[in-house]
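Here the structure comes first, spelled out in structure tokens, and everything after it is commentary.
Chains as they are written, first to last, in the numbering used here: chain A, 1 to 879; chain B, 1001 to 1879.
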């Protein structure tokens, strides 16, 4: 390109749908329609590239060299093509100036219509069209929009002026205003313009165009646009294109209209087009809601020819784009013009129905159909929700921590949840935050609400793991555990009061909202079947109970990728036994306490093995630091102090408990004595767990005549010798228990950076690796999940240090490299090494695509994410 | 080697000093001496390789194929060479069978002397040597040693038998026993042998030899040998060689002797040979201490010829080996034989003196001289110690946490230490463990003793950083902070009692031991000068105060590589101001509190800059989590409870404090809101620190006419945008303060695995990287330093999961790779990027060699380690 100026401007006829990055969604859509539908169906125009916007921004809001000239040239071509001149006194060309980024950002950026009018050309337009009202309506719209968009004339002042004119004229609707009323409005708007800018409204159409282009560029950096991008993960560096297009007029009387149309029903996906239109109106009237639009089906009667034309075009576009289309159109005196087309955003059920129908209609192949689905959104189909049209007041809004909706009576402690649930009552556990102690309460409750914490808080993680709906960080709730009250905006709720939450939206209400059950209909089943045909990655589930395991199998899990044995110790009746094990001060006492846990653990494993039949079950031996199972330091400290002051007889016991908490306390438990380190210090714990596994397997084999496939997983390995020792321990216990016939593999979680660097050595001792990407993220980034969510992580995302939470989508440059490194060197050392991943990323479509590429054998995620993972895994293969 | 059997046996004449790995230290030494001194100075023999030992171990204590034959062959050769036959009735060949690993493991493994004797050949020997006493003394020694070493006859039973015989004979010394007594002893030992083994003492010399070889192999895996290897980081996989050598006899009367000789004084390094010898004795008598040996100088009178021979040989060996030699010799009837030579282990002062003398004598080049020094041991020359010959009772022994000795009155709190020290009293801070709160007490105390924690505990780290002697984990001390008492083995110590500690040995005593000041004598200076000529790596110091900075310069630091600004906030008078800053609940309050800290911080920086003149000063902005500066949760909880019960008026304040502690509390502070994360959330903190830096620099420039070289370091960066933001902040403050003339570089600590993977991107924003290998070790390995030392780390070393603490010597496969990766990609992105390391590994010689190889520019360590680092850096270059 040396010596050649950058091309900033493309005529529509030069573009195509492949040029989306450069021309934006709208620009490439209009260009493609021009090619596919012909020039008479699409008003002519040109697009200023996103690169021009980026150059403008980078230069500190200075138009790049050559832009002015290229716009002038393109305008001259447009004038030649239309036979009209911008600002012409007799027959003026009018244009729209619209934004259009790579990804649609609906309503976030600016648009100016009817540009090119002035005090003289409006008269020419009136004469030429023999429609004075139309001309003045167009002019007042232009002055209004230009003032508001390009120079910041406040919207409310504009609305006030219109209201005043309507009141004076005694009419209700804009369309009822007379020509004189409209002329008066133009004067009103000009006066407002002068007030705000200290300048007269510009009559030079070239000046109008230049300012409008600038305004669109600037709107890329408006606060609302930035906020939208932050939420939707759209990079600030993309910029917006600007589309300059000949105006066509839906406001030329009763044979004209403007509307939006979908090629299929945008809510259900049913194969009938849907949409709205407004007679005698411009496009923004349809969107703004000033007048109530009509359903597109009524057009068939009112404008049969344009309607039939539109139906044909929707079909053409759909098969051309191979996706459901969302279009804008205008009918000007019975002639249909298409202004925009794009792939329709749609809820999950519509996406699924379209995909299945499209294959059946021969429109798409299965592969193409799968690619149209946003896997992450399928979540909505897998959980109960509030009924869509239900009427209720939102009491508080928090973080969408775990999807699904639930209702029940308020309880404030895990113990109360267990008791009430045992008595057959539905309860919602309401707490400021939750801790390991509370897990029994999660089992018992229908849903969880907390006033603190975010998506990665303990409450959110445990709730998602168990498939319990949860709203976290609902900070409007003041929860007083002492008095068992929730105060919120003047209302006080007590234990036993009913409450409802929707973990998909983050809403909490006291109204009795009807819940809708999830519908895994035949379309969804069909999609999943196709996904299974295509995907290479296996999909397993993280499940700790037989119920979870059954749900996982229903959703199509091909095994359990992670059974967290510590969750088995958290049930209310087991905690005291677990505590006794931990408090044991001799190996002998500990062995005795372990003996009490053994039959319980064995029973759990039997349930799991029966549920999973001959599918593999990966069991992780005890992982968390022991003090997680002990009472709270602060609580016991205070009890000790009280006992000291009041000289109560339990002082000695309490002091002993406090001492034990001290001796087990760790400054950074995440990096302390847990995982395999426990196994090495207290081999008797792991030995008991393996015993329970082998005994359960033998019992199930006898009962069902089929042996389970067992994978024993050692967590937190950093050194190959750790695994070597534990492998020996496992093998010894299996032999001692006469479990020689069983298929027992031994592997490890790879969840520390060091393990990734020495994966080749660790592989020598392992039958499989399962990447623990939660912990790997914590260590690679130095982020304690418990602390940074609700801590600095949200600030980091606001400040754009990060685009998204590394706990949701895998951090590719850091954590991703570690995974690749370990997968690569591990396989090099042992080609048959099985590789999986069982962190939360196993349920995230973008991360799944990464794991597919990294060559893993399977992902494992919470049961409710299994269908999503199946679809995402198929999409990963499709690339 | 296909088709050819492994060579397991080498005759001495086949070996050399280069074959140490295969032949062991002794085997290669004897072989080399054979070559250098001639065969008549070294008794003939052969060596069985370490590989044979390894093969024997791996086969489950089974001799490898071919070994038996090769030994027989070598023995036949030996018999031919000596003209004698093993076990011959008339003139038997006697041999010694000695262990000899790659590294000397003195006294750890087994040896059998006089092998080849039996009931018949002893008579032949008597006749042939015309010395019946000698023959029977040799035989009883053999039966005694063989029984003990090869078959486990208990040493005490042997001693009892000897005692009984001496008592019966009425003599005091072994040499006074008659031939009949010795015969009786042989009978005694044979009886003991039968008792233990149920077998008769073997008369077949081949059988004796085979058993002795086995015994030496087995002794490699004896508990004491394993323990020794663990402590000295000798791999279990090396194995030991076995040396079979013709016996020569120091016990043939008054013209015979055995002894050990050093080529120079082994304590001082003075250039006169030193050593001990015993007339009419075998080598083990000299070592065992049964008789008191004479000083080697007395040999000059007693055996002038042998003495002069020995002196010549010592010189020859020293110049041949180019190192001080530690030898064993025997004089048999006036003929000198050399039995072993090896480089002499020696204390630091001897090592330094030898190195300097050797260069002056032309024996070694500077480079060769430097290579003879064990850099780590130089530490002993840099701290006061207990006087070497002082007589004192050890009250308790703990971990050698921070080197040096100190004495003073016991205090139990940091506050008391500050008060007493201000009053001019020397104090030792005695606590169960220490916390951030206590740091002011470290400044004030002469030394620190704790009953908990290890080498990486808070107390140890802070003490080493400040150069305060410390003993940690002295678990015999029961410290009761409530009653201010220390109970230990029945003694009770109170506040104000005097105590002394030696952090180099880990000893604590109440005796008034004299302390010896360190001596950086001219020899040491000379060594350091040579090191500076040779090394490529720069050496800086970690220093937070002007005093530290001055000490660092005295020790030759070329700059400050790490100034931890948080230490400046820990002085007793500043903590309340710091606390006010943290407790501030609005940005305004925080700014005010910061305003109070600013002048103090500025003064600190002025001191540092003045001390360092024009050397670079790297200042790390605030790093630790804020709650480290807050009161203890447990203490405040209990105060709240007390205030509640007693309804005291301070309840509200206390509750507020507790709430604030809660809100700042983090589950894993190491991975929480600290480092750059604080800087992004509270930019006003970093802004204040930069202000203080710039103002200090300007003041010092004005005062001294020379501007300091400032490097501002941002800790805990994981994302390039973090550094980008902080760089902008620093640049803005510098500009606002008119600091434009100053040389201010901005860089970052690389201390998170992610940072290493994106080092190329981070380098774009950085003038320098300084590797924070402490935190990098914590995150890469998932080891919380505070928790794992004293926790599972010692267990891991016992169990051989780890050979040494990764906090002492860098973990090369994990952390080392991260460092290399970041150094490599960082430099690739920015070739002029300055690279340093400021973790504790910066003072560890083995780690320094690694950093030199990884291409870093400098290491930074505690002031007291600077001389060691200078020597180690030179050695790294020498390879």
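Positions of the beta carbon are idealized from the N, C-alpha and C atoms, including for glycine.
Comparing the C-beta of residue 715 of chain A with each C-beta of chain B, is any distance below 7 Å?
As a working note, residue 715 of chain A is residue 715 in the first chain. Under the Cβ distance rule, residue 715 of chain A does not count among the residues neighbouring chain B, no pair being separated by less than 7 Å.
Interface residues of the region 716–739 of chain A facing chain B [CB-CB below 8 Å]:
Of all residues in the region 716–739 of chain A, 716, 718, 719, 721, 722, 725 have a Cβ within less than 8 Å of some Cβ in chain B.
Interface positions of the region 1647–1671 of chain B facing chain A (Cβ-Cβ less than 7 Å), listed along the chain:
Taking 7 Å as the Cβ-Cβ cut-off against chain A, the residues of the region 1647–1671 of chain B that qualify are 1666, 1667, 1668, 1669, 1670, 1671.
If you measure beta-carbon to beta-carbon, which residues of the region 1809–1827 of chain B are closer than 8 Å to chain A?
1811, 1813, 1814, 1815, 1817, 1818: these are the residues of the region 1809–1827 of chain B whose beta carbon lies less than 8 Å from some beta carbon of chain A, given in chain order.
Using a Cβ-Cβ cut-off of 7 Å, state whether residue 357 of chain A counts as contacting chain B.
To locate residue 357 of chain A, count along the first chain from 1; it is residue 357. Residue 357 of chain A does not count as touching chain B.
In chain B, what lies closer than 7 Å to residue 708 of chain A by C-beta?
Walking along the first chain from the start, residue 708 of chain A turns up at place 708. What residue 708 of chain A touches in chain B: nothing, since even the nearest Cβ is about 31 Å away.
Sort B:1017, B:1101, B:1203 by Cα distance to residue 1087 of chain B and report the nearest one.
Against the second chain, residue 1087 of chain B aligns to sequence position 87. Measuring from the Cα of residue 1087 of chain B, the nearest candidate turns out to be B:1203.
Secondary structure at residue 1834 of chain B, three-state DSSP: helix, strand or coil?
Counting from 1 along the second chain, the entry for residue 1834 of chain B is found at position 834. DSSP, reduced to helix, strand and coil, places residue 1834 of chain B within a strand of the structure shown.
For residue 1752 of chain B, count the other beta carbons within 10 Å of its own beta carbon; 16 or more makes it buried, fewer makes it exposed. Which is it?
Within the second chain, numbered from 1, the residue matching residue 1752 of chain B stands at position 752. Counting the other Cβ atoms within 10 Å of the Cβ of residue 1752 of chain B gives 16 or more, which makes it buried.
Integer Cβ distance of residue 678 of chain A from residue 600 of chain A, believed to fall under 8 Å
As a position in the first chain, residue 678 of chain A is number 678, starting the count at 1. As a position in the first chain, residue 600 of chain A is number 600, starting the count at 1. With a Cβ gap of about 19 Å, residue 678 of chain A and residue 600 of chain A do not count as contacting.
Short of 7 Å in beta carbon distance, which residues of its chain neighbour residue 1852 of chain B, apart from the five on each side in sequence? Order them along the chain.
The residue you call residue 1852 of chain B lines up with position 852 of the second chain. Scanning its chain for C-beta atoms nearer than 7 Å, with the 5 sequence neighbours on each side dropped, one finds around residue 1852 of chain B the residues 1536, 1537, 1873, 1876, 1877, in chain order.
Starting from the C-beta of residue 491 of chain A, find all residues in its chain whose C-beta is less than 8 Å away, skip the five residues before and the five after it, and write them out in chain order.
By 1-based counting over the first chain, the position of residue 491 of chain A is 491. 395, 510.
Inter-residue spacing [alpha-carbon to alpha-carbon] between residue 329 of chain A and residue 64 of chain A:
Reading the first chain from its first residue, position 329 is the one you call residue 329 of chain A. Reading the first chain from its first residue, position 64 is the one you call residue 64 of chain A. Roughly 33 Å separates the two Cα atoms.
I need the straight-line Cα distance from residue 484 of chain A to residue 1439 of chain B, nearest angstrom please.
Looking up residue 484 of chain A in the first chain gives position 484. Looking up residue 1439 of chain B in the second chain gives position 439. Going from the Cα of residue 484 of chain A to the Cα of residue 1439 of chain B covers about 42 Å.
For chain E, find out if any of its Cβ atoms is closer than 7 Å to the Cβ of residue 1401 of chain B; answer yes or no.
No chain E is present in this structure, whose protein chains are A and B.
DSSP on residue 431 of chain A, reduced to helix/strand/coil?
One-based indexing of the first chain puts residue 431 of chain A at position 431. Correct three-state label for residue 431 of chain A: strand.
To the nearest angstrom, how far is it from the Cα of residue 1 of chain A to the Cα of residue 1806 of chain B?
As a first step, residue 1 of chain A must be located in the first chain, where it is residue number 1. As a first step, residue 1806 of chain B must be located in the second chain, where it is residue number 806. Bear in mind that a pLDDT of 39 at residue 1 of chain A, under 50, signals an unreliable position, so the model cannot answer this.
Which same chain residues, not among the five before or five after residue 1809 of chain B, have their C-beta less than 8 Å away from its C-beta?
In the second chain, the residue the question calls residue 1809 of chain B occupies position 809. In the same chain as residue 1809 of chain B, and ignoring 5 residues on each side of it, the C-beta atoms closer than 8 Å to its own belong to 1841, 1844, 1846, 1847, in chain order.
Measure the Cβ-Cβ separation of residue 899 of chain A and residue 640 of chain A and say whether it is below 7 Å.
Chain A is shown only over 1 to 879; residue 899 of chain A falls outside these bounds and no answer can be derived.
Under the three-state DSSP convention, the category residue 561 of chain A falls into
The residue labelled residue 561 of chain A in the question sits at position 561 within the first chain. The DSSP-derived three-state label of residue 561 of chain A is strand.
Is there a Cβ of chain A sitting closer than 7 Å to that of residue 1792 of chain B, yes or no?
Taking the second chain and counting its residues from 1, the one referred to as residue 1792 of chain B is at position 792. Closer than 7 Å to some Cβ of chain A, the Cβ of residue 1792 of chain B qualifies, so yes.
Test item: CB-CB of residue 1825 of chain B and residue 1760 of chain B under 7 Å
By 1-based counting over the second chain, the position of residue 1825 of chain B is 825. By 1-based counting over the second chain, the position of residue 1760 of chain B is 760. Closer than 7 Å, so yes.
Report yes or no: do the region 1402–1415 of chain B and the region 1375–1385 of chain B share at least 3 C-beta pairs separated by less than 8 Å?
Touching, per the Cβ criterion.
Counting contacts by CB-CB distance shorter than 7 Å, is residue 584 of chain A in contact with chain B?
Along the first chain, one-based indexing puts residue 584 of chain A at 584. Closer than 7 Å: no.
The beta strand (DSSP E) enclosing residue 1616 of chain B, as first and last residue numbers
Position 616 of the second chain holds residue 1616 of chain B. Counted as a single uninterrupted DSSP element, the beta strand (DSSP E) harbouring residue 1616 of chain B occupies residues 1616–1620.
Spell out the partners DSSP gives residue 819 of chain A in its beta bridges.
Locating residue 819 of chain A in the first chain gives position 819, where the first residue counts as 1. According to DSSP, which records beta bridges pairwise, residue 819 of chain A is partnered with nothing at all.
Report the rounded CA-to-CA distance for residue 1821 of chain B versus residue 373 of chain A, giving the unit in angstroms.
Translated into positions along the second chain, residue 1821 of chain B becomes position 821. Translated into positions along the first chain, residue 373 of chain A becomes position 373. Their Cα atoms are separated by approximately 40 Å.
State yes or no: is the C-beta of residue 553 of chain A nearer than 6 Å to some heavy atom of the ligand NAD?
Summarising the ligand content, the structure contains no ligands, and the ligand NAD is consequently not present.
Residue 892 of chain A versus residue 835 of chain A - alpha carbon distance
Outside the shown range of chain A (1 to 879) lies residue 892 of chain A, about which nothing can therefore be said.
Report the three-state DSSP secondary structure of residue 1347 of chain B (helix, strand or coil).
Here the question's residue 1347 of chain B lines up with position 347 in the second chain. Looking at residue 1347 of chain B - three-state DSSP - the assignment turns out to be coil, as it is neither helix nor strand.
Ignore the nearest five residues each way along the sequence and tell me which others in residue 700 of chain A's own chain have a CB closer than 7 Å to its CB.
As a working note, residue 700 of chain A is residue 700 in the first chain. Taken in chain order, the residues that qualify are 606, 609, 610, 708.
Please report whether the beta-carbon of residue 1221 of chain B lies at a distance below 7 Å from any beta-carbon of chain A.
The sequence position of residue 1221 of chain B within the second chain is 221, counting from 1. By the rule that beta-carbons nearer than 7 Å mark a contact, residue 1221 of chain B does not touch chain A.
Assuming residue 1471 of chain B contacts residue 1411 of chain B under a Cβ cut-off of 8 Å, what Cβ separation, rounded to an integer in Å, is found between them?
Residue mapping note: residue 1471 of chain B aligns to position 471 of the second chain, counting from 1. Residue mapping note: residue 1411 of chain B aligns to position 411 of the second chain, counting from 1. Wrong, their Cβ atoms sit about 16 Å apart, outside the cutoff.
Taking the beta strand (DSSP E) that residue 1407 of chain B falls in, what are its first and last residues?
For the purposes of this step, residue 1407 of chain B is taken as residue 407 along the second chain, with counting starting at 1. Residue 1407 of chain B -> beta strand (DSSP E) spans 1405–1411.
Does residue 638 of chain A come within less than 7 Å of chain B when only Cβ atoms are used?
As a first step, residue 638 of chain A is located in the first chain; it is residue number 638 there, counting from the start. Residue 638 of chain A belongs to the set of residues whose beta carbon lies under 7 Å from a beta carbon in chain B.
Grouping DSSP H, G and I as helix and E and B as strand, with all else coil, what is residue 654 of chain A?
Position 654 of the first chain, counting from 1, holds the residue named residue 654 of chain A. Helix.
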